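Chains as they are written, first to last, in this note's numbering: chain G, 15 to 388; chain S, 61 to 258. Beta carbons are placed, not taken as given, at the ideal position from N, Cα and C, and that holds for glycine. Note that this is a predicted model, so its numbers are computed, not measured. The structure appears right after this line, and notes come after that.
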Amino acid sequence: MQFGIFTVGDVTTDPTTGRTPSEHERIKAQVEIAKKAEEVGLDVVAVGQHHNPPFVASSPTTTMAYIAAQTQRILLSTSTTLITTTDPVRIAEDYGTLQHLADGRMDLMMGRGNTGPVYPWFGKDIREGINLAIENYALLHRLWREDVVDWEGRFRTPLQGFTATPRPLDGVPPFVWHGSIRSPEIAEQAAYYGDGFFHNHIFWPSSHTRQMVALYRRRFEHYGHGRADQAIVGLGGQFFMRRNSQDAVREFRPYFDNAPVYGHGPSLEDFTSQTPLTVGSPQEVLERTLGFREYVGDYQRQLFLVDHAGLPVKTVLEQLDLLGEILPDLRAGMAEGRPAHVPDGPTHAGLVAARDAAVAAGSAVPETVEEVSA
Amino acid sequence: MTRVLAVSAGLSVPSSTRLLTERLADAVRADLGPDAEVELVELRPLAHALADHLLTGFPDAELEEVLEKVRLADGLIMVTPVFSASFSGLFKTFTDVMEPGLLIGKPVLIGATAGTSRHSLVLDHALRPLFAYLRAVVVPTGVFAATEDFGDHGLEQRVERAAGELAALVGGRRPLHVVRDEFADPTPFADRLRGLST
């Protein structure tokens with residue numbers, strides 16, 4: 015089981031001081047936060063991709079490569095890589111290069127999460143969002159698995175005799191997650207390829223999460239990638255911790271009340287009861303998080319949103335210290351009663367080992383199963 | 061079982077919008093008979109939940125339950141007060157948070173209330189186009205009630221006619237359209253006398 019943090023990379027005014035960090039500060043803060051995440055023992059740090067203010071995260075692989083160079087162990091991922099408006103050829107090349115530079119210490123999560131005008135700015139039609147995600151990923155999947163690709167589709171200029179370079183490290187493509195809050199097509203897509211499925215989970219009632227994960231697990235088994243409880247599931251989460259529960263509520267409330275996504279809406283109390291947001295003591299966060307398994311089953315990756323809503327970097331780093339403190343208990347709790355056949359979180363080493371085992375057994379490489387069922 | 065959901069966007073207590081909604085609901089219930097379930101929902105208690113939905117993108121439990129009732133309903137009665145020459149913002153918000161396609165093909169009886177009869181066309185310039193966009197099937201008779209209509213003749217007949225049209229569309233016993241040949245089958249004179257007395 016992997017634990018980590020994810021961010022969208024927003025520039026937001028601190029509502030308690032009125033101070034807005036510069037883009038430079040926010041970009042450097044992402045690196046500082048990632049290094050802290052490694053220091054406290056987390057496994058994953060994921061960065062966002064957006065192409066308009068108030069976001070600074072327009073070039074995720076640049077940020078990821080910089081973080082990779084300054085860390086030793088933590089795995090870099092995305093939340094999310096925009097599969098709708100980013101050319102799949104560029105994704106293959108950028109992340110393919112990153113995979114080599116980071117010695118396999120990376121993966122990525124596909125998402126559609128764009129604001130409206132970003133589609134036309136990149137020459138796309140928002141009404142084709144799902145189809146773009148389907149076609150673009152189908153091409154990306156081939157680019158990482160076939161040395162020479164002939165391809166023609168609806169949304170991109172055709173390719174004849176194209177080779178995406180560099181070829182994947184050790185011949186094993188980066189692991190891919192597909193993130194979606196409520197589009198069954200994306201759960202189906204993740205299941206079809208035997209990829210991971212990630213549910214954002216944080217701004218939404220758990221009923222959405224339960225429904226999407228259940229569909230993904232059922233279809234993962236249907237497509238022959240393993241049993242439903244062996245599907246690779248990731249969840250988001252959100253907390254604000256202080257040693258004393260009342261202190262956490264008092265300090266976080268102005269950030270919550272003015273937050274970009276849910277601010278000026280429901281009360282903190284209503285939102286914490288309706289969504290997985292937990293504002294309280296480390297013990298409360300621990301217990302709430304361990305409860306996620308009750309509706310998604312044993313899963314592989316838990317990412318928390320800690321860096322948002324204008325929280326100062328110092329506060330974010332303190333949150334990571336507190337997360338580091340409950341991390342051993344989180345790991346122990348998630349390991350409790352977990353069946354041996356439930357896989358661990360995906361890593362490059364794990365994928366290489368699985369590929370080698372499959373080759374030794376003379377069976378197909380797991381990543382190319384879709385050619386069989388297509 | 062046939063289910064009809066009546067939605068009142070009235071705000072005051074007592075509310076003439078609620079009163080009209082009740083009259084419509086009762087008339088539909090009378091038309092459909094005991095096997096049908098006609099339920100009335102007021103939007104006022106959902107006002108905060110509706111505003112929150114605009115901001116968070118999801119309904120709280122109470123609002124979700126009402127939206128589920130809309131989904132399961134065979135027909136709807138939708139009644140709004142007239143605010144600034146149109147439906148109220150609360151009424152519109154309720155339609156704004158519905159999932160795309162929720163009302164496609166669903167029979168809807170529209171109603172509105174106002175302080176003056178000068179607003180009566182609101183049914184046809186505001187509500188009918190809204191439900192046409194949502195691809196609902198709007199019954200031919202809309203019921204508008206100005207304050208003065210509650211003390212005048214005619215409202216009851218319009219309520220009954222509209223209710224009968226909705227009932228016909230959701231599987232009631234009466235047909236939506238009747239061709240009557242007064243030579244072959246004259247209306248009994250007692251019916252005509254009764255019609256004059258109301």
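Glutamine 63(G) versus chain S: which residues are under 9 Å apart at the beta carbon? Counted from its first residue, the first sequence places residue 63(G) at position 49. Correct list: empty, because the minimum Cβ distance to chain S is about 20 Å.
Taking all protein chains shown into account, decide if valine 386(G) is buried (16 or more other Cβ within 10 angstroms of its Cβ) or exposed. On the first sequence, residue 386(G) is found 372 positions in, with the first residue counted as 1. Reliability of the predicted coordinates at valine 386(G) is poor, the pLDDT of 42 falling under 50, and the value obtained from them is presented with this limitation in mind. The residue is exposed, with fewer than 16 neighbouring Cβ atoms inside 10 Å.
Would you kindly check if the distance between the Cβ of glycine 171(S) and the Cβ of alanine 87(S) is under 9 Å? Reading the second sequence from its first residue, position 27 is the one you call residue 87(S). Reading the second sequence from its first residue, position 111 is the one you call residue 171(S). Going by C-beta atoms, alanine 87(S) is not nearer than 9 Å to glycine 171(S).
Can you list, in chain order, the residues of its chain whose CB lies under 7 Å from that of leucine 183(S), leaving out five sequence neighbours each side? As a first step, residue 183(S) must be located in the second sequence, where it is residue number 123. Around leucine 183(S): Ile170, Ala172, Gly202, Phe204.
Rounded C-alpha distance that separates glutamine 203(G) from serine 72(S): Locating residue 203(G) in the first sequence gives position 189, counting from the first residue. Locating residue 72(S) in the second sequence gives position 12, counting from the first residue. Their backbone Cα atoms lie some 50 Å apart in a straight line.
What does threonine 116(S) touch in chain G if you count any residue whose Cβ is under 7 Å from its own? For the purposes of this step, residue 116(S) is identified with residue 56 of the second sequence, where counting begins at 1. Simply Phe217, Tyr276, Gly279, Pro280.
On the DSSP letters alone, give me the boundaries of the beta strand (DSSP E) that valine 141(S) sits inside. For the purposes of this step, residue 141(S) is identified with residue 81 of the second sequence, where counting begins at 1. Per the sequence shown, the amino acid found at residue 141(S) is proline instead of valine. First-last of the beta strand (DSSP E) with proline 141(S): 135-143.
Quick one: what's got a C-beta closer than 8 Å to leucine 341(G)'s C-beta in the same chain, skipping five residues either side? Here residue 341(G) corresponds to residue number 327 of the first sequence, with the count starting at 1. Taken in chain order, the residues that qualify are Phe17, Val54, Gly55, Leu56.
On the DSSP letters alone, give me the boundaries of the alpha helix (DSSP H) that glutamate 122(S) sits inside. Taking the first residue of the second sequence as position 1, residue 122(S) is located at position 62. Looking at the DSSP string, the run of the alpha helix (DSSP H) that includes glutamate 122(S) is 121-132.
Which residue's Cα is closest to the Cα of aspartate 209(G): Ala323(G), His322(G), Leu122(G)? Residue mapping note: residue 209(G) aligns to position 195 of the first sequence, counting from 1. If we check each option's Cα against that of aspartate 209(G), Leu122(G) comes out closest.
Identify the continuous beta strand (DSSP E) that holds serine 281(G) and give its terminal residues. For the purposes of this step, residue 281(G) is identified with residue 267 of the first sequence, where counting begins at 1. That residue, serine 281(G), is in no beta strand (DSSP E); it is neither H nor E in DSSP.
Any chance the segment 188-197 of chain G sits against the segment 218-238 of chain G, with 3 or more Cβ pairs inside 8 Å? Yes: at least three Cβ pairs fall under 8 Å.
At least one CB of chain S closer than 9 Å to the CB of proline 198(G): is that the case? Counted from its first residue, the first sequence places residue 198(G) at position 184. Not one chain S Cβ lies under 9 Å of proline 198(G).
Taking only the alpha-carbon atoms, compute the straight-line gap between alanine 368(G) and glycine 347(G) and give it to the nearest angstrom. Within the first sequence, residue 368(G) is the residue found at index 354, counting from 1. Within the first sequence, residue 347(G) is the residue found at index 333, counting from 1. In this structure, the CA atom of alanine 368(G) is about 27 Å from the CA atom of glycine 347(G).
First and last residue of the uninterrupted alpha helix (DSSP H) at histidine 185(S): Taking the second sequence and counting its residues from 1, the one referred to as residue 185(S) is at position 125. Run containing histidine 185(S): none; DSSP gives neither H nor E here.
Distance between threonine 98(G) and valine 373(G) (C-alpha atoms, nearest Å): Against the first sequence, residue 373(G) aligns to sequence position 359. Against the first sequence, residue 98(G) aligns to sequence position 84. So the two alpha carbons sit approximately 34 Å from each other.
List, in chain order, every chain G residue whose beta-carbon is nearer than 7 Å to that of aspartate 112(S). Indexing the second sequence from 1 puts residue 112(S) at position 52. By Cβ distance, chain G contributes Gly279, Pro280.
Using a beta-carbon distance below 9 Å, is phenylalanine 285(G) in contact with chain S? As a working note, residue 285(G) is residue 271 in the first sequence. Judged by the 9 Å Cβ criterion, phenylalanine 285(G) is in contact with chain S.
Could you work out which residue in Thr171(G), Arg264(G), Ile47(G) is closest to leucine 331(G) when comparing CA atoms only? The residue you call residue 331(G) lines up with position 317 of the first sequence. Comparing Cα-Cα distances from leucine 331(G) to each of Thr171(G), Arg264(G), Ile47(G), the minimum goes to Ile47(G).
Contact check, glutamine 314(G) vs aspartate 271(G), beta carbons under 9 Å: The residue you call residue 314(G) lines up with position 300 of the first sequence. The residue you call residue 271(G) lines up with position 257 of the first sequence. It is not a contact, given that the beta carbons lie outside the stated cut-off.
Option nearest arginine 262(G) by Cα separation, candidates Leu249(G), Pro296(G), Gly250(G), Tyr237(G): Within the first sequence, the letter at position 248 stands for residue 262(G). Looking at the sequence provided, one finds alanine at residue 262(G) rather than arginine. Here the closest residue by C-alpha is Pro296(G).
Would you please verify whether the beta carbon of glutamine 288(G) is less than 9 Å from any beta carbon of chain S? For the purposes of this step, residue 288(G) is identified with residue 274 of the first sequence, where counting begins at 1. Closer than 9 Å: yes.
Take arginine 302(G) and list the residues in its own chain whose beta-carbon comes closer than 6 Å to its own, dropping the five residues that flank it on each side. Sequence index remark: in the first sequence, residue 302(G) carries index 288 (1-based). For arginine 302(G), where only same-chain residues beyond five positions count, the Cβ hits under 6 Å are Thr292.
At least one CB of chain S closer than 9 Å to the CB of histidine 222(G): is that the case? Within the first sequence, the letter at position 208 stands for residue 222(G). Closer than 9 Å to some Cβ of chain S, the Cβ of histidine 222(G) qualifies, so yes.
In chain G, which residues lie with their C-beta within 8 Å of the C-beta of aspartate 120(S)? Here residue 120(S) corresponds to residue number 60 of the second sequence, with the count starting at 1. Correct list: Pro280, Asp284, Gln288.
Are the segment 193-200 of chain S and the segment 61-71 of chain S touching by the rule of at least three beta carbon pairs closer than 8 Å? no
Secondary structure of serine 76(S), DSSP reduced to three states: In the second sequence, the residue the question calls residue 76(S) occupies position 16. It is helical.
Using alpha carbons as the reference points, say which of Arg131(S), Ala107(S), Ala227(S) lies closest to leucine 163(S). Your numbering for residue 163(S) matches position 103 in the second sequence. Nearest option by C-alpha distance: Arg131(S).
Give the range of the beta strand (DSSP E) segment to which valine 168(S) is assigned. The count along the second sequence starts at 1 and reaches residue 168(S) at position 108. Where valine 168(S) is concerned, the enclosing beta strand (DSSP E) stretches over 167-174.
From Phe249(S), Pro189(S), Ala227(S), residue whose alpha carbon lies closest to that of proline 94(S): One-based indexing of the second sequence puts residue 94(S) at position 34. With distances taken between Cα atoms, proline 94(S) lies closest to Ala227(S).
If we count the other Cβ atoms within 10 Å of its Cβ and call it buried at 16 or more, is histidine 239(G) buried or exposed? Looking up residue 239(G) in the first sequence gives position 225. So histidine 239(G) counts as buried.
At which residues does the beta strand (DSSP E) containing glutamate 52(G) begin and terminate? Indexing the first sequence from 1 puts residue 52(G) at position 38. Segment 37-53 is the alpha helix (DSSP H) holding glutamate 52(G); no beta strand (DSSP E) there.
Between the beta-carbon of phenylalanine 212(G) and the beta-carbon of tryptophan 191(G), is there less than 9 Å? Sequence index remark: in the first sequence, residue 212(G) carries index 198 (1-based). Sequence index remark: in the first sequence, residue 191(G) carries index 177 (1-based). Going by C-beta atoms, phenylalanine 212(G) is nearer than 9 Å to tryptophan 191(G).
Answer yes or no: do proline 280(G) and threonine 153(S) have a C-beta to C-beta separation smaller than 9 Å? Position 266 of the first sequence, counted from the start, is the residue given in the question as residue 280(G). Position 93 of the second sequence, counted from the start, is the residue given in the question as residue 153(S). No, they are not a contact pair.
Whole-Å CB distance - phenylalanine 306(G) paired with proline 290(G), under 8 Å assumed: Position 292 of the first sequence, counted from the start, is the residue given in the question as residue 306(G). Position 276 of the first sequence, counted from the start, is the residue given in the question as residue 290(G). Confirmed, Cβ separation roughly 7 Å.
Taking one C-beta from the segment 204-214 of chain S and one from the segment 118-127 of chain S each time, how about it: are there three or more such pairs within less than 8 Å? no
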